[in-house]
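>
In mature numbering (1 follows the signal peptide of the UniProt record, and there is no 0), the protein residues as written are -21 to -1, 1 to 93.
1) Verify whether the separation of the beta carbon atoms of residue 53 and residue 73 is less than 8 Å.
2) Skipping 5 residues on each side, what residues in its chain have a beta carbon closer than 8 Å to that of residue 4?
3) Below 6 Å CB to CB, which residues in the same chain sit around residue 85 once its five sequence neighbours on both sides are set aside?
4) Given this structure, state the Cα-to-Cα distance separating residue 33 from residue 14, to the nearest angstrom.
5) Identify whether residue 93 lies in helix, strand or coil by the three-state DSSP scheme.
6) With a CB to CB cut of under 6 Å and the five nearest residues on each side skipped, what residues in its chain are close to residue 82?
7) For residue 87 and residue 50, what's the separation of their Cα atoms in angstroms?
8) State the start and end residues of the unbroken beta strand (DSSP E) segment that holds residue 57.
9) Assign residue 8 to one of three DSSP states: helix, strand, or coil.
10) Check each candidate in 22, 6, 63 and 80 and name the one with the smallest Cα separation from residue 123.
11) Under a three-way DSSP split, which group does residue 14 fall into?
12) Here's the rule: buried if 16 or more other CB atoms are within 10 angstroms of the residue's CB, otherwise exposed. What is residue 36?
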């Protein structure tokens, strides 16, 4: 009975996780534009955009997003990719982008690879 309960609980946790995003590589962002890929990246608790549009803190290992994300992201002035491909500094609150301003700049930043 305990094993059945444990298995059911684990399946429920996996089923409620948001969809995972693509792989990531290391890139520099200057004036809102990402440079070419500089190699694979490792990151802990990095905000990853999910299929439903929310951002969750996930681990990235050798460019691959882990199977489990920790929680909805909370960040101030974080580089977020826009629909035109540029990056802007945005606030993320409880996984939702709430306010964006100015072109982002960052070194060795994980960018999504299509």
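Heads up, the beta-carbon is just placed ideally off N, CA and C, and yes, glycines get one too. Please read these numbers as outputs of a predicted model, since none were measured by experiment.
With the structure as the only source:
1) yes
2) 16, 17, 18, 19, 20, 42, 89, 90 and 92
3) 8 and 58
4) 25 Å
5) Taken through DSSP and simplified to helix, strand or coil, residue 93 comes out as coil.
6) 10 and 11
7) 23 Å
8) 54 to 60
9) Strand.
10) Residue 123 lies beyond the residue range present for the chain, which begins at -21 and ends at 93; the question has no answer from this structure.
11) coil
12) buried
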